[in-house]
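**Q** Just dropping this structure here.
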Amino acid sequence: MTQPRLRQGLVLGMSTLAFTVCFMVWMMFAVLGVPIKELLQLNETQFGLLTATPVLTGSLVRLPLGMLTDRFGGRSVFCLLMLACVLPLYLVSHATAYWQFLVLGLFVGLAGGSFSVGIAYVAKWFDQDNQGLAMGIFGAGNAGSAVTKFLAPALIAAGSWQLVPKVFSAILFLTALLFWFFSADNKAHRRVSTVGLGEQLKALAEPAVWRYCQYYSIVFGGYVALALWMTKYYVQEYGFSLQSAALLAACFSLPGGVLRAVGGWMSDRWGAQSVTWWVLWVSWICLFLLSYPQTQLQVQTVNGPLDLHIGLNPALFTVLLFVMGIAFAFGKASVFKYIANDYPQNMGAVSGIVGLAGGLGGFILPILFGALVDLTGVRSSCFMLMYGVVWVSLIWMYLSEIRRRPLLGKHPSAIQAPFSSISQGEEHVGS
Numbered sequence: 002m003t004q005p006r007l008r009q010g011l012v013l014g015m016s017t018l019a020f021t022v023c024f025m026v027w028m029m030f031a032v033l034g035v036p037i038k039e040l041l042q043l044n045e046t047q048f049g050l051l052t053a054t055p056v057l058t059g060s061l062v063r064l065p066l067g068m069l070t071d072r073f074g075g076r077s078v079f080c081l082l083m084l085a086c087v088l089p090l091y092l093v094s095h096a097t098a099y100w101q102f103l104v105l106g107l108f109v110g111l112a113g114g115s116f117s118v119g120i121a122y123v124a125k126w127f128d129q130d131n132q133g134l135a136m137g138i139f140g141a142g143n144a145g146s147a148v149t150k151f152l153a154p155a156l157i158a159a160g161s162w163q164l165v166p167k168v169f170s171a172i173l174f175l176t177a178l179l180f181w182f183f184s185a186d187n188k189a190h191r192r193v194s195t196v197g198l199g200e201q202l203k204a205l206a207e208p209a210v211w212r213y214c215q216y217y218s219i220v221f222g223g224y225v226a227l228a229l230w231m232t233k234y235y236v237q238e239y240g241f242s243l244q245s246a247a248l249l250a251a252c253f254s255l256p257g258g259v260l261r262a263v264g265g266w267m268s269d270r271w272g273a274q275s276v277t278w279w280v281l282w283v284s285w286i287c288l289f290l291l292s293y294p295q296t297q298l299q300v301q302t303v304n305g306p307l308d309l310h311i312g313l314n315p316a317l318f319t320v321l322l323f324v325m326g327i328a329f330a331f332g333k334a335s336v337f338k339y340i341a342n343d344y345p346q347n348m349g350a351v352s353g354i355v356g357l358a359g360g361l362g363g364f365i366l367p368i369l370f371g372a373l374v375d376l377t378g379v380r381s382s383c384f385m386l387m388y389g390v391v392w393v394s395l396i397w398m399y400l401s402e403i404r405r406r407p408l409l410g411k412h413p414s415a416i417q418a419p420f421s422s423i424s425q426g427e428e429h430v431g432s
């Protein structure tokens, strides 16, 4: 028993480390984009596109990378993916034009595809009762976003913005070497090698998969978008320096990453549906409060006009972001507990589809944030947009799930996932 547990620990530990570094690289433009915006005199929409470009490729490659992981194993795919990102990441330090940053950002964004590789790789090393916790621990690598906010401003202050991609590329290369030598492989986990692409894509015919995509586009896509956007938001809305703004923005990014393991444990204990439902409600309330713009209001009283200021101060704003970061962390774990329960034999493909949807949310939202600011001049319009998306998701979840299931605890009967062409008659245990 010692050796399998040791291998499980090594796989989980090295995968979490590798994912943390990949996520750190993926979120690099959250901080690096601020001096580049000033250097190139970009508007809000252009800044949104700059920060979101790596998210696009990181999203699009999630599905094929998930399939490759099912076929060839996570160890090889993960290591090669990290090595493929080292050179373009280094070349960012030599870019001078906007188009160069965008093109290199596309290649750097491949690091974001590491999630669908790692989640399928890790899940197969654990039994179903412990998968939620294991995947939550792995998903805590989202804290790489906070690492970026701690490390990148310090590097910029110590040298220049060009120092950030140089140091990050060296860290990524060393991590790839460590991962290769200390992780493990199990050929028995490669169970989908005879299933073709068309059969794996049949998951798209499942209504449940589309629903999970919608949830994940909020808890992950919204997390990525706000992690990219909040440093600049603090600088422009409250006048903080880059270092202070990044530190405050980490109050959202850090719990949104490290507490994912807690969300996995909660999903194991109370079920994915219960956790996701309450995550959406907490997010909806926080976004409602965050949406209110700084407002000067004049009230006519019996003693004359009374001027009032309504708006969130930096402390209350940060507290609400912190709470929402915790909710998103729990939600990211609960969505993948859904998948582990319903599609255990096709985890790579389905997690790739759901991860793709979440990543696309993280790509589209920053661009929309910038466009809304350019159109309305209201910075809190980013929260207004997300408030509407969460509201739609709550309605969809109530109509499709909550009306039919108890709010507390796991449902007594299994939820059948009619994905027979992939699972070949195997039962899928519901959440």
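Taking this note's numbering, I'd label the letters of the sequence shown as residues 2 to 432.
Where a beta carbon is used, it is the ideal one built from N, C-alpha and C, also for glycine.
1) So within the stretch 119 to 189, which uninterrupted alpha helix (DSSP H) runs reach at least 4 residues, ignoring any that extend past its ends?
2) Which value, in whole angstroms, describes the spacing of the CA atoms of L134 and G10?
3) Should S284 and I365 be called a contact, given that it needs their Cβ atoms to be closer than 8 Å?
4) What do you reckon, are the CB atoms on A250 and Y235 nearer than 8 Å?
5) Cβ atoms of L82 and L61: under 8 Å apart, would you say?
6) Taking 8 Å as the threshold (C-beta atoms), are F20 and G142 in contact?
7) Considering just the uninterrupted stretch of the beta strand (DSSP E) at L307, what are its terminal residues?
8) Looking only at its chain, what residues have a beta carbon closer than 6 Å to the beta carbon of W27, apart from the 5 residues adjacent to it on each side?
9) Would a C-beta distance cut-off of 8 Å place G49 and G272 closer than the cut-off?
10) Here's the rule I'm using: 16 or more other beta-carbon atoms within 10 Å means buried, otherwise exposed. How should I396 be labelled?
11) Should the stretch 89 to 100 be called in touch with the stretch 375 to 391, which here means at least 3 C-beta pairs below 8 Å?
12) If I follow the unbroken beta strand (DSSP E) through Q301, where does it start and stop?
13) Rounded to the nearest angstrom, what separates L92 and S170 at their Cα positions?
14) Indicate the three-state DSSP secondary structure (helix, strand or coil) for V390 in the structure shown.
15) Can V324 and I340 be called in contact, C-beta distance under 8 Å?
16) So, helix, strand or coil for F329, using DSSP?
17) Can you tell me whether R76 is helix, strand or coil according to DSSP?
18) Below 8 Å on the Cβ atoms is my contact criterion, and I expect P154 with A247 to pass it. Report the Cβ-Cβ distance as a whole number of Å.
19) For I286 and T296, which I take to be in contact (beta-carbon distance under 8 Å), what is that distance rounded to the nearest angstrom?
20) If I follow the unbroken alpha helix (DSSP H) through T277, where does it start and stop?
21) Between which two residues does the alpha helix (DSSP H) harbouring Q47 extend?
22) Does the separation of the CB atoms of E402 and Q215 fall below 8 Å?
23) With burial defined as no fewer than 16 other Cβ atoms inside 10 Å of the residue's Cβ, what is the status of R76: buried or exposed?
24) Hey, out of F241, V320, F24, F221, whose CA is closest to S335's CA?
25) Give the secondary structure of L88 by DSSP, where H, G and I count as helix, E and B as strand, and everything else as coil.
26) Taking only the alpha-carbon atoms, compute the straight-line gap between L317 and M68 and give it to the nearest angstrom.
27) Buried or exposed: K188, going by 16 or more other Cβ atoms within 10 Å of its Cβ?
28) How would you label P180, buried or exposed, when you count the other beta carbons within 10 angstroms and need 16 or more for buried?
29) In chain order, what residues of the same chain lie with their CB nearer than 6 Å to the CB of L260, ignoring the 5 residues before and after it?
30) Might you give, ordered along the chain, the residues of its own chain that have their beta carbon closer than 7 Å to the beta carbon of V148, omitting 5 neighbours on each side?
31) For the candidate residues G240, L227, A177, whose alpha-carbon lies nearest to that of C86?
32) Flag this pair as yes or no: are the beta carbons of S117 and L66 separated by less than 8 Å?
33) Look at the Cβ atom of N337, then the Cβ atom of M136, and state whether they are nearer than 8 Å.
34) Counting C-beta neighbours from all protein chains within 10 Å, is the total for S194 16 or more, i.e. buried, or is it exposed?
35) S194 by DSSP, collapsed to three states: which one?
36) Rounded to a whole number of angstroms, what is the C-alpha to C-alpha distance between S94 and Q47?
**A** According to the structure data:
1) Listed in chain order, they are 129 to 140, 145 to 159, 164 to 183.
2) Position 133 of the sequence shown, counted from the first residue, corresponds to residue 134. Position 9 of the sequence shown, counted from the first residue, corresponds to residue 10. Answer to the nearest angstrom: the Cα atoms are 13 Å apart.
3) Position 283 of the sequence shown, counted from the start, is the residue given in the question as residue 284. Position 364 of the sequence shown, counted from the start, is the residue given in the question as residue 365. No, they are not a contact pair.
4) Position 249 of the sequence shown holds residue 250. Position 234 of the sequence shown holds residue 235. Against a cut-off of 8 Å, the Cβ pair of Y235 and A250 comes out as a contact.
5) To locate residue 61, count along the sequence shown from 1; it is residue 60. To locate residue 82, count along the sequence shown from 1; it is residue 81. Contact: no.
6) Numbered from 1 along the sequence shown, position 141 holds the residue referred to as residue 142. Numbered from 1 along the sequence shown, position 19 holds the residue referred to as residue 20. Against a cut-off of 8 Å, the Cβ pair of F20 and G142 comes out as a contact.
7) What you label residue 307 is simply residue 306 of the sequence shown in a count that begins at 1. L307 -> beta strand (DSSP E) spans 305 to 311.
8) Within the sequence shown, the letter at position 26 stands for residue 27. The residues are P55, G59, A112, G113.
9) Reading the sequence shown from its first residue, position 48 is the one you call residue 49. Reading the sequence shown from its first residue, position 271 is the one you call residue 272. At least 8 Å separates the beta-carbon of G49 from that of G272.
10) Counting from 1 along the sequence shown, the entry for residue 396 is found at position 395. Residue environment for I396: exposed (fewer than 16 other C-beta atoms within 10 angstroms of its C-beta).
11) no
12) Taking the sequence shown and counting its residues from 1, one reaches residue 301 at position 300. Looking at the DSSP string, the run of the beta strand (DSSP E) that includes Q301 is 296 to 302.
13) In the sequence shown, residue 92 corresponds to position 91, counting from 1. In the sequence shown, residue 170 corresponds to position 169, counting from 1. Going by the C-alpha atoms only, they are around 9 Å apart.
14) In the sequence shown, the residue the question calls residue 390 occupies position 389. V390: helix per DSSP, three-state reduction.
15) Residue numbering aside, residue 324 sits at position 323 when the sequence shown is read from its first letter. Residue numbering aside, residue 340 sits at position 339 when the sequence shown is read from its first letter. No, the pair does not count as a contact, with Cβ atoms beyond the cut-off.
16) In the sequence shown, counting from the first residue as 1, residue 329 sits at position 328. Residue state, collapsed to three classes: helix.
17) Stepping through the sequence shown from its first residue, residue 76 is reached at position 75. Three-state DSSP puts R76 in a helix.
18) For the purposes of this step, residue 154 is taken as the residue at position 153 of the sequence shown. For the purposes of this step, residue 247 is taken as the residue at position 246 of the sequence shown. Here P154 really is in contact with A247; their C-beta atoms are around 5 Å apart, less than 8 Å.
19) Taking the first residue of the sequence shown as position 1, residue 286 is located at position 285. Taking the first residue of the sequence shown as position 1, residue 296 is located at position 295. 20 Å between Cβ atoms; not a contact.
20) Counted from its first residue, the sequence shown places residue 277 at position 276. Here the alpha helix (DSSP H) through T277 covers 273 to 291.
21) Indexing the sequence shown from 1 puts residue 47 at position 46. Where Q47 is concerned, the enclosing alpha helix (DSSP H) stretches over 45 to 61.
22) One-based indexing of the sequence shown puts residue 402 at position 401. One-based indexing of the sequence shown puts residue 215 at position 214. Against a cut-off of 8 Å, the Cβ pair of Q215 and E402 comes out as no contact.
23) Position 75 of the sequence shown, counting from 1, holds the residue named residue 76. Buried, because 16 or more other Cβ atoms sit within 10 Å of the Cβ of R76.
24) Taking the sequence shown and counting its residues from 1, the one referred to as residue 335 is at position 334. S335 has its Cα closest to that of F221, out of F241, V320, F24, F221.
25) Here residue 88 refers to the residue found at position 87 when the sequence shown is read from its first residue. In the three-state scheme derived from DSSP, where H, G and I count as helix and E and B as strand, L88 is classed as helix.
26) Here residue 317 refers to the residue found at position 316 when the sequence shown is read from its first residue. Here residue 68 refers to the residue found at position 67 when the sequence shown is read from its first residue. The straight-line gap from Cα to Cα measures roughly 43 Å.
27) Mapped onto the sequence shown, residue 188 falls at position 187. So K188 ends up on the exposed side.
28) Locating residue 180 in the sequence shown gives position 179, counting from the first residue. Per the sequence presented here, residue 180 reads as Phe, with Pro not at that position. F180 is buried by the Cβ-count criterion.
29) Counting from 1 along the sequence shown, the entry for residue 260 is found at position 259. For L260, where only same-chain residues beyond five positions count, the Cβ hits under 6 Å are I327, A330.
30) For the purposes of this step, residue 148 is taken as residue 147 along the sequence shown, with counting starting at 1. Closer than 7 Å at the Cβ level, and outside the excluded window around V148, lie T21, M25.
31) Taking the sequence shown and counting its residues from 1, the one referred to as residue 86 is at position 85. Checking every option, the nearest Cα to that of C86 belongs to A177.
32) Counting from one through the sequence shown, the residue named residue 117 turns up at place 116. Counting from one through the sequence shown, the residue named residue 66 turns up at place 65. Yes. Within cutoff.
33) For this step, residue 337 is matched to residue 336 along the sequence shown. For this step, residue 136 is matched to residue 135 along the sequence shown. First, the residue type needs correcting, since residue 337 is Phe and not Asn in the sequence shown. Yes, these two residues count as a Cβ contact at 8 Å.
34) Indexing the sequence shown from 1 puts residue 194 at position 193. Only weak support exists for where S194 lies, its pLDDT of 47 falling under 50; the value from the coordinates is given anyway. Exposed, since its Cβ has fewer than 16 Cβ neighbours within 10 Å.
35) As a first step, residue 194 is located in the sequence shown; it is residue number 193 there, counting from the start. For S194, the predicted structure reports a pLDDT of 47, less than 50, and the residue's modelled location is therefore unreliable. The matter cannot be settled from this model.
36) Locating residue 94 in the sequence shown gives position 93, where the first residue counts as 1. Locating residue 47 in the sequence shown gives position 46, where the first residue counts as 1. Answer to the nearest angstrom: the Cα atoms are 19 Å apart.
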